[in-house]
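Numbering (the UniProt record's numbering), first residue to last: 1 to 443.
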């Protein structure tokens with residue numbers, strides 16, 4: 001009874017503080033209920049249409065749950081937004097099923113007061129059929145243009161888009177800064193996703209298990225961070241990074257019968273792409289079509305951080321000097337050599353690259369390598385970087401990172417323990433006949 005009284009008093013004290021919160025975050029998943037209480041005989045027409053599309057009783061339960069959760073979510077949102085003053089940040093996670101127009105109108109009423117600076121939508125599909133969810137959401141975006149013009153962050157989970165939907169959304173969202181596409185796909189797999197938005201303010205673009213053949217980033221003038229993560233082994237997604245003579249093009253595609261080879265042609269694109277951070281994390285193959293670095297300097301001139309993961313241990317590393325030549329403002333360069341047993345290196349093709357004769361980099365401060373080995377090709381590469389960089393301050397050499405999947409390292413790439421004497425010999429080998437004052441740390 002004492003705990004019940006204390007809880008009752010505490011709940012009364014919290015009646016008013018939410019009206020003064022600067023952040024209002026509502027997640028539709030907090031409004032769900034037990035599936036055993038779902039009445040399938042009380043389905044609205046929208047759910048019946050969805051069931052005709054799915055034809056499954058389990059989908060009927062999920063769809064009814066989604067509609068009821070959205071009804072509760074909409075009611076809670078309307079009550080919360082009636083508070084004054086409006087929140088500085090409004091973050092909503094919801095299903096694209098019903099009542100979307102009422103949500104949009106309520107959001108528009110709040111943001112027109114001028115006190116809400118950040119508006120975030122997280123769109124999730126609850127029943128695994130993203131194509132119908134796409135239709136509902138695109139209708140919502142056209143019905144509530146004011147709300148979408150104020151969006152600053154937009155996230156999609158498991159939505160199937162037409163090839164023009166994403167560029168249209170970016171163009172319609174004047175204030176959009178951050179776009180994430182997670183487990184999404186194109187309805188027509190062989191249709192390329194081309195993003196040409198010269199007036200976009202988009203700064204961060206994340207593709208997570210995005211399933212389509214090609215993604216062409218043509219014009220994104222303010223993009224500063226680009227991430228591509230492809231870990232969907234069930235569909236054997238292959239990540240290809242193609243650097244053409246005009247613009248970096250990132251492509252996600254399934255492997256075809258013929259192997260994709262470096263040097264294959266790329267579609268011409270408008271040269272208005274720049275990026276401050278480039279990160280590629282994938283367990284599948286990465287291809288790089290090498291062009292002369294001078295042709296990409298205009299695109300990589302703001303690039304300050306580069307991280308390359310999953311480099312096969314037997315590869316020569318001299319090709320990575322390409323990024324130093326193409327990115328004059330680069331400050332942090334991180335490489336990860338991995339020889340895990342669970343990694344399928346379908347093609348182990350060595351890439352040969354010869355840096356320009358008189359090339360010098362003036363801004364690189366940090367070189368960090370994981371999977372370091374005391375062998376000639378690795379130490380020669382590090383000495384090459386030291387020779388070509390003027391103001392390099394620090395080199396960090398780490399062993400291979402542990403793997404959570406196989407918990408093992410390729411026996412051919414195992415290294416003995418590095419004691420203090422061996423560290424000293426490695427440092428002497430790296431600095432022999434070198435005037436560099438770089439700090440070398442061996443972990």
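All residues carry an ideal CB built from backbone N, CA and C; glycine is no exception.
Have a look at residue 373 and residue 180 and give me their C-alpha separation to the nearest angstrom.
As a first step, residue 373 must be located in the chain shown, where it is residue number 373. As a first step, residue 180 must be located in the chain shown, where it is residue number 180. If I take the Cα positions, the gap works out to 37 Å.
Is the beta carbon of residue 384 sitting closer than 8 Å to the one on residue 367?
For the purposes of this step, residue 384 is identified with residue 384 of the chain shown, where counting begins at 1. For the purposes of this step, residue 367 is identified with residue 367 of the chain shown, where counting begins at 1. With a cutoff of 8 Å on beta-carbon distance, residue 384 and residue 367 are scored as not near each other.
Please report the distance separating the alpha-carbon of residue 436 from that of residue 387.
Here residue 436 refers to the residue found at position 436 of the chain shown. Here residue 387 refers to the residue found at position 387 of the chain shown. Residue 387 has its alpha-carbon roughly 8 Å from the corresponding atom of residue 436.
Is the beta carbon of residue 78 sitting closer than 8 Å to the one on residue 119?
In the chain shown, the residue the question calls residue 78 occupies position 78. In the chain shown, the residue the question calls residue 119 occupies position 119. Using a Cβ distance threshold of 8 Å, residue 78 and residue 119 do not count as a contacting pair.
Spatial neighbours of residue 172 within its chain, please: C-beta separation below 8 Å, excluding the five flanking residues on both sides.
If you number the chain shown from 1, residue 172 lands on position 172. Residues 141, 145, 148, 149 of the same chain have their beta carbon placed closer than 8 Å to that of residue 172, with the five preceding and five following residues left out of the count.
Going by the CB atoms, is the gap between residue 441 and residue 382 shorter than 8 Å?
Taking the first residue of the chain shown as 1, we reach residue 382 at position 382. Taking the first residue of the chain shown as 1, we reach residue 441 at position 441. No; because the gap between Cβ atoms is not below 8 Å, this pair is not in contact.
So for residue 135, helix, strand or coil by DSSP?
If you number the chain shown from 1, residue 135 lands on position 135. Three-state result, residue 135: helix.
Please tell me whether residue 193 and residue 163 are closer than 8 Å, where the distance is taken between their beta carbons.
As a working mapping, residue 193 is identified with position 193 in the chain shown. As a working mapping, residue 163 is identified with position 163 in the chain shown. For residue 193 and residue 163, yes; Cβs fall inside 8 Å.
Pick from 305, 212, 156, 138: whose alpha carbon is nearest that of residue 126?
In the chain shown, residue 126 corresponds to position 126, counting from 1. Answer by Cα proximity: 156.
Tell me, to the nearest whole angstrom, how far the beta carbon of residue 306 is from that of residue 329; I am working on the premise that it is less than 8 Å.
Within the chain shown, the letter at position 306 stands for residue 306. Within the chain shown, the letter at position 329 stands for residue 329. With 8 Å as the limit, residue 306 and residue 329 do not qualify as a contact, their Cβ atoms being about 11 Å apart.
Would you identify the three-state DSSP class for residue 363, choosing helix, strand or coil?
To locate residue 363, count along the chain shown from 1; it is residue 363. Three-state result, residue 363: coil.
When you compare only the Cα positions, how much space is there between residue 68 and residue 28?
For this step, residue 68 is matched to residue 68 along the chain shown. For this step, residue 28 is matched to residue 28 along the chain shown. Spanning the alpha carbons of residue 68 and residue 28 requires a straight line of approximately 10 Å.
Check whether chain D comes within 8 Å of residue 184, counting only Cβ atoms and requiring the distance to be less than that.
Structure shown: chain D not included; a single protein chain is present.
CA-to-CA distance, residue 178 to residue 136, given in whole angstroms:
To locate residue 136, count along the chain shown from 1; it is residue 136. To locate residue 178, count along the chain shown from 1; it is residue 178. Going by the C-alpha atoms only, they are around 22 Å apart.
Using a Cβ-Cβ cut-off of 6 Å (strictly less than) and excluding sequence neighbours within five positions of residue 96, which residues of its own chain qualify?
On the chain shown, position 96 is the one that residue 96 refers to. Residues of the same chain with a CB within less than 6 Å of the CB of residue 96, apart from the 5 flanking positions on each side, are 123, 133, 136, 137 in chain order.
Give the DSSP bridge partners of residue 155, in chain order.
The residue labelled residue 155 in the question sits at position 155 within the chain shown. DSSP, once it has assigned bridges, lists 122, 180 as partnering residue 155.
Grab the span of the alpha helix (DSSP H) containing residue 224 for me, first residue to last.
Counting from one through the chain shown, the residue named residue 224 turns up at place 224. No alpha helix (DSSP H) holds residue 224; DSSP gives it neither H nor E.
If the criterion is Cβ atoms closer than 8 Å, does the pair residue 208 and residue 182 meet it?
Counted from its first residue, the chain shown places residue 208 at position 208. Counted from its first residue, the chain shown places residue 182 at position 182. In this structure, residue 182 lies closer than 8 Å to residue 208 by Cβ.
Residue span of the alpha helix (DSSP H) that contains residue 105, given as start and end:
Here residue 105 is taken as the residue at index 105 of the chain shown, counted from 1. Note, residue 105: alpha helix (DSSP H), 100-111.
Near residue 102, what residues of its chain come up, given a Cβ to Cβ distance below 8 Å and the 5 sequence neighbours on each side ignored?
Position 102 of the chain shown, counted from the start, is the residue given in the question as residue 102. Same-chain partners within the cutoff: 74, 78.
Supposed contact pair residue 365 and residue 331 - C-beta distance, whole angstroms, cut 8 Å:
Sequence index remark: in the chain shown, residue 331 carries index 331 (1-based). Sequence index remark: in the chain shown, residue 365 carries index 365 (1-based). That pair is a contact at about 5 Å.
Measuring straight from C-alpha to C-alpha, what distance separates residue 432 and residue 424?
Here the question's residue 432 lines up with position 432 in the chain shown. Here the question's residue 424 lines up with position 424 in the chain shown. When rounded, the distance between both Cα atoms is 12 Å.
Own chain partners of residue 308 with C-beta closer than 6 Å, once the 5 adjacent residues on each side are dropped
Walking along the chain shown from the start, residue 308 turns up at place 308. These residues qualify, in order along the chain: 335.
In whole angstroms, what separates the C-alpha of residue 362 from that of residue 26?
As a position in the chain shown, residue 362 is number 362, starting the count at 1. As a position in the chain shown, residue 26 is number 26, starting the count at 1. Near 48 Å, if we compare the C-alpha coordinates of residue 26 and residue 362.
Checking 8 Å against the spacing of the C-beta atoms, do residue 227 and residue 200 come in under that value?
Start at 1 with the first residue of the chain shown, and residue 227 comes out as number 227. Start at 1 with the first residue of the chain shown, and residue 200 comes out as number 200. Against a cut-off of 8 Å, the Cβ pair of residue 200 and residue 227 comes out as no contact.
Minimum C-alpha distance to residue 314 - residue among 303, 337, 302:
Sequence index remark: in the chain shown, residue 314 carries index 314 (1-based). Taking only the C-alpha atoms, the option nearest residue 314 is 337.
Does DSSP put residue 204 in a helix, in a strand, or in coil?
Position 204 of the chain shown, counted from the first residue, corresponds to residue 204. Looking at residue 204 - three-state DSSP - the assignment turns out to be strand.
Can you name, in chain order, every residue of its own chain whose Cβ lies under 7 Å from the Cβ of residue 359, other than the five neighbours on each side?
Here residue 359 is taken as the residue at index 359 of the chain shown, counted from 1. Excluding residues within five positions, the ones whose Cβ falls inside 7 Å are 325, 388.
Report the three-state DSSP secondary structure of residue 3 (helix, strand or coil).
In the chain shown, the residue the question calls residue 3 occupies position 3. It is helical.
Can you tell which of 196, 23, 210 has its C-alpha closest to the C-alpha of residue 81?
Counting from 1 along the chain shown, the entry for residue 81 is found at position 81. For residue 81, the closest of 196, 23, 210 by C-alpha to C-alpha distance is 23.
Counting only the same chain and skipping the five closest in sequence on each side, list residues whose C-beta sits under 7 Å from that of residue 320.
The residue given as residue 320 occupies position 320 in the chain shown. Result list for residue 320: 308, 335, in chain order.
Residue burial classification, residue 66 (beta-carbon count within 10 angstroms, cutoff 16):
Indexing the chain shown from 1 puts residue 66 at position 66. So residue 66 counts as buried.
Identity of the residue in 204, 196, 370 nearest residue 218 by Cα:
As a first step, residue 218 is located in the chain shown; it is residue number 218 there, counting from the start. The shortest C-alpha separation from residue 218 is found at 196.
Measuring CB to CB, does residue 430 end up less than 8 Å from residue 379?
Against the chain shown, residue 430 aligns to sequence position 430. Against the chain shown, residue 379 aligns to sequence position 379. Going by C-beta atoms, residue 430 is nearer than 8 Å to residue 379.
Backbone secondary structure at residue 420 - three-state DSSP:
Numbered from its first residue, the chain shown carries residue 420 at position 420. Reduced to three states, the DSSP call for residue 420 is helix.
Does the Cβ of residue 48 have 16 or more other Cβ atoms within 10 Å, making it buried, or fewer, making it exposed?
Here residue 48 refers to the residue found at position 48 of the chain shown. Bear in mind that the predicted position of residue 48 carries a pLDDT of just 49, short of 50, making it too unreliable to give a figure here.
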